[in-house]
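The structure appears below as structure tokens.
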RNA sequence: CGCGGGGUAGAGCAGUGGUAGCUCGCCAGGCUCAUAACCUGGAGGCCGUGGGUUCAAGUCCCACCCCCGCAACCA
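Residue numbers (my numbering): 455 to 955.
Following this line, the structure appears as structure tokens:
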């Protein structure tokens with residue numbers, strides 16, 4: 455790891471029209487784990503998240519509720535801001551697209567640069583619009599009768615003048631960036647997917663809407679009759695959030711221009727990030743990000759999550775029930791990076807019980823008790839000659855952990871740590887330290903120092919993934935101090951949590 | 001139509017051509033330091049279907065079947 459450039463990581467920004475979704479929680483937690491990992495590797499790291507607040511949808515919701523749209527955005531945005539505490543995220547800042555001071559100048563600046571380049575132009579645009587939905591449709595959205603599926607009537611054809619971004623002219627350049635890996639798409643199969651799309655040619659995109667249709671947004675510079683459409687507004691958060699557009703922008707210089715940049719997003723918006731966003735940056739002459747890390751979607755008990763089915767999982771409820779690290783564990787370990795996965799309560803509880811309560815929790819407990827009873831103190835450093843076996847076990851786990859994290863395979867990384875838990879349980883049974891301390895006290899105590907060192911290693915390396923648990927374990931095992939801490943029930947078994955089963 | 005992903009034990013997945021593995025669950029033993037935890041063993045798979053290449057195929061090739069995504073703002 456020679457690359458010690460500053461590291462900048464972002465999540466997508468969440469749209470404020472709905473409550474935080476378990477999928478967004480997963481995205482935030484993945485980004486957080488990577489951010490924490492980088493900090494641990496002593497890289498200067500900046501982690502940004504935030505909310506996307508403009509558009510007709512939230513405006514409509516505000517109207518229906520008879521509320522002021524800005525006020526509603528403030529309220530909803532806070533629900534996302536609060537995830538920092540609830541999910542134990544380490545984001546360094548939180549950007550809001552309604553923030554006129556911090557966000558808007560960057561957006562205006564990039565618009566201006568693109569305009570100057572000749573990539574933004576006014577065009578006549580014909581679109582299908584349903585007044586019932588207050589939304590535009592494409593042919594594909596309509597049902598077999600050519601009608602709006604929600605209102606069962608033919609949408610109107612509206613002609614309007616919009617600004618368009620000439621994305622198509624960047625198709626080849628974008629395809630090449632993806633193909634050569636200058637823009638790295640993780641996982642690989644997403645790269646293939648988006649590369650094919652780019653090779654087919656990207657379409658120009660509508661960059662504005664008439665202000666009377668879209669009043670809640672950023673006015674187009676020099677043409678207040680038009681409001682910016684989502685792309686230029688929302689995507690720009692990644693740079694406005696670190697100062698782009700301000701007179702003085704040291705963070706932007708360090709982390710964007712001089713750093714390594716990773717966007718963490720969902721599979722649904724890859725094409726906008728790999729397409730529109732990269733096109734915008736190319737047009738404006740700004741450096742492009744290095745990596746786009748794409749996660750899949752979660753189903754709920756095998757079914758698509760939807761409000762109508764009522765099976766949407768609320769991350770906040772889950773955290774209240776099981777604790778934040780149990781939720782983090784499930785999302786990081788049980789969801790294969792990049793793939794779709796199922797979030798089922800049954801599976802969640804099985805994993806919780808097996809890996810966290812019976813595995814990590816119980817092992818911590820047995821080591822702590824034995825050390826406490828036999829006056830084994832923390833701080834022992836394993837010795838190459840005397841402790842070769844334990845040293846090797848730890849090194850193996852460390853090697854697996856490093857190589858997994860190098861490729862951002864988070865579930866594999868966590869699995870590397872947890873396999874050491876399993877091995878330590880086996881070693882315990884094999885070496886019977888509780889007997890050895892009776893027969894040969896000094897040898898027994900030394901063995902326990904090995905176990906203590908190993909569990910301390912686990913505590914330390916768990917930090918990016920389960921920061922709260924890592925903290926508690928360090929206290930419990932007195933890491934960095936001279937004596938053991940109080941015993942702790944890290945993960946109570948589910949019957950202790952719920953009192954049955 | 002096309003593009004992408006997937007189809008391996010009850011569930012979730014790993015498997016780079018060479019005796020089918022992991023986690024969970026289930027069953028039986030063992031142990032007692034520990035959160036009725038832990039350890040060991042076991043049952044359970046014609047690896048989507050049909051062809052082909054090969055001494056050898058879950059793994060390569062061809063055809064087909066089934067499931068899931070796929071341009072607007074839904075994580």
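A virtual CB, placed ideally from N, CA and C, is assigned to each residue, including glycine.
In this text the structure is predicted, and so the values were computed from the model without any measurement.
Could you spell out the range, first to last residue, of the alpha helix (DSSP H) harbouring residue 921? From DSSP, the alpha helix (DSSP H) with residue 921 extends over 921-930.
Buried or exposed by the 16-neighbour rule on C-beta atoms within 10 Å, applied to residue 937: exposed
Buried/exposed call for residue 943, threshold 16 Cβ in 10 Å: exposed
Proximity winner among 492, 700 and 669, relative to residue 562 (alpha-carbon distances): 700
DSSP bridge partner residues for residue 720 (one or two, in chain order): Looking at the DSSP output, residue 720 shares a beta bridge with 749.
Same chain, Cβ closer than 6 Å to residue 628, five either side skipped, listed in chain order: Excluding residues within five positions, the ones whose Cβ falls inside 6 Å are 652 and 732.
Secondary structure of residue 542, DSSP reduced to three states: coil
Do residue 547 and residue 676 come within 8 Å of each other at the CB atom, strictly closer than that value? Residue 547 is positioned such that its CB atom lies no closer than 8 Å to that of residue 676.
In the DSSP assignment, what residue or residues form a beta bridge with residue 797? 754
According to DSSP, what are the bridge partners of residue 504? 549
Tell me the rounded alpha-carbon separation between residue 714 and residue 818. 37 Å
Please report the straight-line C-alpha distance between residue 505 and residue 887, rounded to a whole angstrom. Their backbone Cα atoms lie some 53 Å apart in a straight line.
For the alpha helix (DSSP H) that residue 492 lies in, which residues bound it at each end? 476-494
Between the Cα of residue 552 and those of 687, 786, 571 and 787, spot the shortest distance and give me the residue it belongs to. 687
State buried or exposed for residue 868, treating a residue as buried only when at least 16 other CB atoms are found within 10 Å of its CB. buried
Could you give the first and the last residue of the continuous beta strand (DSSP E) run that contains residue 682? Its beta strand (DSSP E) spans residues 677-682.
For the alpha helix (DSSP H) that residue 643 lies in, which residues bound it at each end? First-last of the alpha helix (DSSP H) with residue 643: 642-654.
Measure from the alpha carbon of residue 580 to the alpha carbon of each residue in 545, 573, 617 and 875, then state which is nearest. Comparing alpha-carbon positions, the option among 545, 573, 617 and 875 lying closest to residue 580 turns out to be 617.
Which runs of the alpha helix (DSSP H) fall wholly inside the stretch 799-869 and span at least 4 residues, in chain order? 799-805, 816-827 and 842-860
Using the three-state DSSP reduction, which class does residue 471 fall into: helix, strand or coil? coil
Hey, could you find the ends of the alpha helix (DSSP H) residue 624 is sitting in? Per DSSP, residue 624 belongs to no alpha helix (DSSP H) and is neither H nor E.
Contacting residues, own chain, Cβ-Cβ under 6 Å from residue 945 (five flanking each side not counted): Residues of the same chain with a CB within less than 6 Å of the CB of residue 945, apart from the 5 flanking positions on each side, are 810, 811 and 815 in chain order.
Please report the straight-line C-alpha distance between residue 684 and residue 649, rounded to a whole angstrom. Approximately 23 Å, taken between the alpha carbons.
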